[in-house]
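Per my numbering: the sequence shown = residues 323 to 606.
Note sheet for the following structure.
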Amino acid sequence: MSLEDDKRLKLLGLGGAVPYGSSERPNNRAPWARNVVVVTSGKGGVGKSTVAVNLASVFAQRDWRVGLLDADVYGPSVPRMLSLEDARLRWNDRDRIECAENFGIKVMSVGMTTPTRDTPLIWRASVSTSAMIQLLEDVDWGELDVLIVDMPPGTGDTQLTMAQELQVTAGVVVTTPQAVATDDVRRAIRMLQQVRIPIAGIVENMSGGVFGSGGGRTLAEEYSVPFLGEVPLDVAIRESSDVGKPIAAVGTEDQKRPYQRMVDALTASLAPIAGEGKSPHSGH
Ligand SMILES: Nc1ncnc2c1ncn2[C@@H]1O[C@H](COP(=O)(O)OP(=O)(O)OP(=O)(O)O)[C@@H](O)[C@H]1O
Ligand SMILES: [Mg+2]
């Protein structure tokens, strides 16, 4: 983002005591994470959260130490997708917030900070920005091999915050076959390029059936970025999300495969973890 954007944000009241970063010189609010992957899309409802949760599950099955930050302040969906909708904030004896954990994934979400799971958050963007920073800094994430950030739809404040406050290793852009026809996904790609987040690739979600397929790959070629693969439109994916069990953890081998392939491709863009080729924990 340009200097103007930083100034504009300061006008919004974000230039106070907190030393905010810029996308040219981002802060590193997650020095405990070896890799930071953001899952984004200009468009809502394309399956960002579903992709983020299932990618996290595959990394966990490969013994990576995985954290998943739900950056969707106004519509947090990660807790439900991992059967953590009733998890509430807890502080440990070091006075730091404990992550919730399920399927080997450490999770933090604004959804866990509200008194009840259906409490709406009515916050100005400046408040949600500092909330995000708190979820990075005041939470006891431990050492992570990868922190996955599930973004809200759009190319707005949260996306800018992440680009300014984190050293993002890789951006994953999710599209559906029909969203390829809109400009939203293209805007997301261009934003990542502008804020200098390396694009690890495009995922085509809900591929096949009435929606058709192939647009994600064409889009990847158009912007000269990798294509990470297709996830079929499959009612079992929605059902397993709804009951809080990621399909990449509980599904058949066929259902897990698209996510495994994506992680294979994504891993090439990430910093290797300790004891590569063996268990990441060996040697610790
Ligand atoms: N491949 C798929 N096949 C069938 N249903 C899917 C698939 N991927 C996601 N869904 C379903 O589509 C809906 C939207 O998915 P999800 O919440 O992951 O999208 P999102 O992009 O994160 O949305 P938002 O923009 O609101 O954050 C959910 O009900 C989810 O279970
Ligand atoms: Mg979502």
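All residues carry an ideal CB built from backbone N, CA and C; glycine is no exception.
All figures in this text were calculated on a predicted structure; none of them were measured in a lab.
Check: Rounded C-alpha distance that separates Gly-335 from Leu-588; Outcome: Any reading at Gly-335 needs caution, since the residue's pLDDT is 46, under 50, leaving its predicted position unreliable; the model's value is listed next. Roughly 37 angstroms separates the two Cα atoms.
Check: Beta-ladder partner(s) of Asn-424, from DSSP; Outcome: Ile-427
Check: Coarse secondary structure for Asp-550, derived from DSSP in three states; Outcome: A small fix is needed here, since residue 550 is Leu in this sequence, not Asp. Correct three-state label for Leu-550: strand.
Check: Any non-hydrogen atom of ligand 1 closer than 7 angstroms to Met-528 Cβ; Outcome: yes
Check: Per DSSP, cross-strand counterpart(s) of Ser-529; Outcome: Pro-554
Check: Beta-carbon proximity check, Val-585 vs Gly-538, cutoff 8 angstroms; Outcome: no
Check: Separation of Val-553 from Thr-540, as counted between CA atoms; Outcome: 16 angstroms
Check: Every unbroken beta strand (DSSP E) within the region 344–382, with a cutoff of 3 residues, ordered by chain; Outcome: 358–362
Check: Ser-379: CB within 7 angstroms of a non-hydrogen atom of ligand 2; Outcome: no
Check: Identity of the residue in Phe-533, Pro-475 and Gly-464 nearest Trp-370 by Cα; Outcome: Per the sequence presented here, residue 370 reads as Lys, with Trp not at that position. Cα-wise, what sits closest to Lys-370 is Pro-475.
Check: Reduced DSSP secondary structure (H/G/I, E/B, other) of Pro-594; Outcome: coil
Check: Where Glu-465 falls, given that 16 or more other Cβ within 10 Å makes a residue buried; Outcome: exposed
Check: Sequence-distant residues of the same chain with beta carbon closer than 8 angstroms to Leu-443, five excluded per side; Outcome: Val-395, Tyr-396, Val-432, Thr-436 and Ser-450
Check: Distance between Ile-427 and Pro-602 (C-alpha atoms, nearest Å); Outcome: In this predicted model, Pro-602 has a pLDDT of only 47, less than 50, meaning its place in the structure is not dependable enough to derive any value.
Check: Ser-379 beta carbon less than 8 angstroms from that of Phe-425; Outcome: yes
Check: Three-state secondary structure assigned by DSSP to Ala-501; Outcome: helix
Check: Contact test: Lys-370 Cβ vs ligand 1 heavy atom, cutoff 7 angstroms; Outcome: yes
Check: Secondary structure of Val-496, DSSP reduced to three states; Outcome: strand
Check: Rounded straight-line distance, which links the Cα of Asn-376 to that of Met-430; Outcome: 16 angstroms
Check: heavy atom of ligand 2 below 7 angstroms from Ser-399 C-beta; Outcome: yes
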